[in-house]
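Take a look at the structure below.
There are 2 protein chains.
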Amino acid sequence: MSAASLRARVRAEMTEEIKAVARRHLATDGANLSLRAVARDLGMASSAVYRYFASRDELLTALIVDAYDALGVAAEAAVVPGRFADRFRTAGHAVRDWALAHPHEWALIYGSPVPGYRAPATTVGPAVRVILVFARIVADAVATGEAQSGAPIGGALGGELAGIAEHVALPAPPQVVARTFAAWIHICGAVSAELFGQLNNTIAERREFFDFQLRAAVAFVAAG
Amino acid sequence: MSAASLRARVRAEMTEEIKAVARRHLATDGANLSLRAVARDLGMASSAVYRYFASRDELLTALIVDAYDALGVAAEAAVVPGRFADRFRTAGHAVRDWALAHPHEWALIYGSPVPGYRAPATTVGPAVRVILVFARIVADAVATGEAQSGAPIGGALGGELAGIAEHVALPAPPQVVARTFAAWIHICGAVSAELFGQLNNTIAERREFFDFQLRAAVAFVAAG
DNA sequence: CCGGGTCAAGAGCAGTGCTCTCGGTATGGC
DNA sequence: GCCATACCGAGAGCACTGCTCTTGACCCGG
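First to last, the protein sequences are chains A and B. Residues in the first sequence are numbered from 1 upward in steps of one, following our numbering. Residues in the second sequence are numbered from 1 upward in steps of one, following our numbering.
See the structure below:
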């Protein structure tokens, strides 16, 4: 291994270390984490961190991409064979489990956007990863006849939905894309509602209630 | 009008003015608005604002309560007579319209919680107001037979749901409460997804797609 | 062995939330 | 009508933030 790559490796390790500490700080400071505090925890000057990330936003972007990827991996790992309802619910619970384990990273990607922050195009790729997991499960169910397609969707919306399907190379009609998207948004909303405190002092049986909503999503997607 | 109440009125007006300016700043700074900037816009020293709000969090709380109330009022104003599906969808669109008109206030109440901020108990009252609108619409539909109750829910979750119904004086069985809550969470998630940018570069026909989701929620709530 | 690239450190700027003190003004009791 | 009192605004100040710039040290390749 040449010296240059050794240097590069050290740099990569340092970058990972900064991200790890920043992720820890995410838990207490939320999206407006303190770069100086991160540097303090690493035992180096705040200005040194700028050698690795040009700005706080760039660090945030790195954390966001990592979070999308980690969620995608978690969902993909939960893809099991079996009946549609079971596959869908298993993936859904995997998403919730990941969110409960990494609540602040969930807030980073699905919470209200950081005021001054503008997400670069780099984040859209990892973002669709988790949705594709559900899309494939639904497409499989439609193929086997376990789920119906639903009433056709035409017009401008139908055209858009068809374009989305084509863009991710998913052979599905617009109405299936719409159902998948709607179901995902419901899942996303259910997890956010739980994490963001809307169920506080209201529902303690969170997993049970989440499963209730997952069954609702399954029924909606599969309905004729 | 006595002198004392005149003083109180001046104070109340000043308080409202501060909140109005803070609401404007919410649009650019998000949840971490600058108290100093608000004071600057008002042409007074930052320390003077502390005569009206003991801290930035207290100002935020006031804005949150106002936002919940405004959303509740908007939803209540959209309650119309008619068939269940129309009533529900009208209220749903009213919620979305309000959110589109006040995106930053929506983010304040349904977005990721502000890091250091802890919502006091004062906010739970106004928060349920909008949900009650939908709950009453669903309860009416169940009463007229337009909507079914669905499979009974027992166990711990059933008990909790029954407790909620009792708490808000709504004569509805647990499964109806669960359906209402799930539908509301779906609406909430759909609006948040649209506002928080998850539909960017994906779906432009937002109102159409939202209505698609509203119809899904209606079907879910009414299904046998 | 030494020049160029990389890195960390420190000072500094403008901004933040919040506290304290200091004067001025209006209020309410006598 | 007078005066103590409560209220209110302004300013200075503290500790903190993101970020920039300069300075000096290090290491690696030619």
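Don't be surprised by glycine CBs; every beta carbon is placed ideally from N, CA and C. From a predicted model like this one, the values you see are computed outputs, not experimental measurements.
Checklist line | Contact set for A/ILE109: own chain, Cβ-Cβ below 7 Å, skip 5 residues either direction | finding: Once the five neighbours on either side are set aside, the close Cβ partners of A/ILE109 are ILE64, ALA67 and TYR68.
Notebook entry, point to check: Are there 16 or more other CB atoms within 10 angstroms of the CB of A/ALA12, so buried, or fewer, so exposed?
Noted result: By the neighbour-count rule (16 or more Cβ atoms within 10 Å), A/ALA12 is not buried but exposed.
Next item on the list: Could you confirm whether any beta carbon from chain B is found closer than 8 Å to the beta carbon of A/GLY154?
Entry: Not a single C-beta of chain B is nearer than 8 Å to the C-beta of A/GLY154.
Margin query: So, does the segment 97-107 of chain A touch the segment 46-55 of chain A, judging by three or more C-beta pairs under 8 Å?
Written below: By the C-beta criterion, the segment 97-107 of chain A is judged not to be in contact with the segment 46-55 of chain A, since fewer than 3 inter-stretch pairs fall below 8 Å.
Item checked: Close Cβ partners of B/THR122 (< 8 Å) along its chain, the five nearest in sequence each way excluded -> Sequence-distant Cβ neighbours of B/THR122 in its own chain, meaning closer than 8 Å and more than five residues away, are THR61 and VAL65.
Next item on the list: Indicate whether at least one CB of chain A lies closer than 8 Å to the CB of B/GLN213.
Entry: Taking Cβ atoms only, chain A reaches closer than 8 Å to B/GLN213, which makes this a yes.
Note to self: Below 9 Å on C-beta distance, what does A/VAL57 contact in chain B?
What the structure shows: The amino acid at residue 57 of chain A is misidentified as Val; the sequence shows Asp. Near A/ASP57 there are no residues of chain B at all, since even the closest Cβ is about 14 Å away, more than 9 Å.
Check: Buried or exposed: which applies to B/THR180, given that a residue is buried once 16 or more other Cβ atoms fall within 10 Å of its Cβ?
Finding: When all chains shown are included, B/THR180 counts as buried.
Check: Using the beta-carbon of each residue, which ones in chain B are nearer than 8 Å to A/GLY197?
Finding: Those are PRO113 and ALA119, listed as they occur along chain B.
Item checked: Closer than 8 Å at the beta carbon, the chain B residues around A/PHE220 -> Neighbours of A/PHE220 on chain B, chain order: ALA216, ALA219 and PHE220.
Next item on the list: Using three-state DSSP, classify A/MET14 as helix, strand or coil.
Entry: In the structure shown, A/MET14 sits in a helix (DSSP, three-state: H, G or I).
Next item on the list: Answer yes if the segment 199-210 of chain A comes into contact with the segment 160-178 of chain B, meaning at least three C-beta pairs across the two stretches below 8 Å, and no otherwise.
Entry: A contact is defined here as three or more CB-CB pairs under 8 Å, and the segment 160-178 of chain B meets this definition with respect to the segment 199-210 of chain A.
Notebook entry, point to check: Rounded to whole angstroms, how far is the Cβ of B/GLN148 from the Cβ of B/HIS186, which I believe are closer than 8 Å?
Noted result: Contact annotation, B/GLN148 with B/HIS186: C-beta distance approximately 18 Å; criterion of less than 8 Å not satisfied.
Next item on the list: Report the rounded CA-to-CA distance for B/GLY111 versus A/GLY145, giving the unit in angstroms.
Entry: Answer to the nearest angstrom: the Cα atoms are 38 Å apart.
Checklist line | Interface positions of the segment 182-197 of chain B facing chain A (Cβ-Cβ less than 7 Å), listed along the chain | finding: Answer in chain order: ALA182, ILE185, HIS186, CYS188, GLY189, ALA190, SER192, ALA193, PHE196 and GLY197.
Next item on the list: Could you list which residues in chain B have their beta carbon closer than 9 Å to that of A/ALA22, in chain order?
Entry: Neighbourhood of A/ALA22 in chain B, by CB distance below 9 Å: empty, with the nearest CB roughly 14 Å away.
Check: Hey, does A/LEU100 have any beta-carbon neighbour from chain B nearer than 8 Å?
Finding: False, the Cβ-Cβ gap to chain B never drops below 8 Å.
Checklist line | Short-range partners of chain B found in the segment 24-44 of chain A, where Cβ spacing is below 8 Å | finding: Within the segment 24-44 of chain A, the qualifying residues are THR28, ASP29, GLY30, ALA31 and ASN32.
Check: Listing by chain order, which chain B residues have their CB less than 7 Å from the CB of A/THR202?
Finding: Per Cβ cutoff of 7 Å: ILE164.
Next item on the list: May I ask which residues mark the beginning and end of the alpha helix (DSSP H) holding B/LEU157?
Entry: In the DSSP assignment, B/LEU157 falls within the alpha helix (DSSP H) that extends over 155-167.
Check: Residue ranges of each alpha helix (DSSP H) run of no fewer than 4 residues wholly in the segment 85-139 of chain A, ordered along the chain?
Finding: Whole alpha helix (DSSP H) segments, 4+ residues: 103-110.
Next item on the list: From the DSSP output, in three-state form, read off B/TRP184 for me.
Entry: DSSP places B/TRP184 in helix when its eight states are reduced to three.
Next item on the list: Name, please, each residue of chain B whose Cβ falls closer than 8 Å to the Cβ of A/GLU105.
Entry: The premise fails here: A/GLU105 is roughly 11 Å from chain B at the closest Cβ pair, so nothing lies under 8 Å.
Item checked: CB contact check: B/ALA178 to chain A, cutoff 8 Å -> The C-beta of B/ALA178 comes closer than 8 Å to at least one C-beta of chain A.
Note to self: Nearest by alpha-carbon distance to B/ARG24: which of B/GLU105, B/PRO173 and B/SER192 is it?
What the structure shows: Ranking the options by Cα distance to B/ARG24, first place goes to B/GLU105.
Notebook entry, point to check: Of the choices A/LEU195, A/VAL10 and A/GLU17, whose alpha-carbon is the least far from that of A/LEU42?
Noted result: Minimum Cα distance to A/LEU42 is reached at A/GLU17.
Next item on the list: With A/SER47 as the anchor, note down where its alpha helix (DSSP H) starts and where it stops.
Entry: 46-49 is the span of the alpha helix (DSSP H), which, as asked, contains A/SER47.
Checklist line | Residue span of the alpha helix (DSSP H) that contains B/ILE64, given as start and end | finding: Counting along the chain, the alpha helix (DSSP H) containing B/ILE64 begins and ends at 56-77.
Margin query: Relative to the C-alpha of A/ALA78, which candidate in A/ILE137, A/GLY189 and A/GLY155 has its C-alpha closest?
Written below: The option with the nearest alpha carbon to A/ALA78 is A/ILE137.
Notebook entry, point to check: Hey, is B/VAL138's beta-carbon within less than 8 Å of any beta-carbon in chain A?
Noted result: Answer no: the Cβ-Cβ gap between B/VAL138 and chain A never drops below 8 Å.
Check: Cα separation between A/ALA22 and A/VAL73?
Finding: Approximately 21 Å between the Cα atoms of the pair.
Checklist line | CB contact below 8 Å: B/LEU132 versus chain A | finding: Chain A contact via Cβ: absent.
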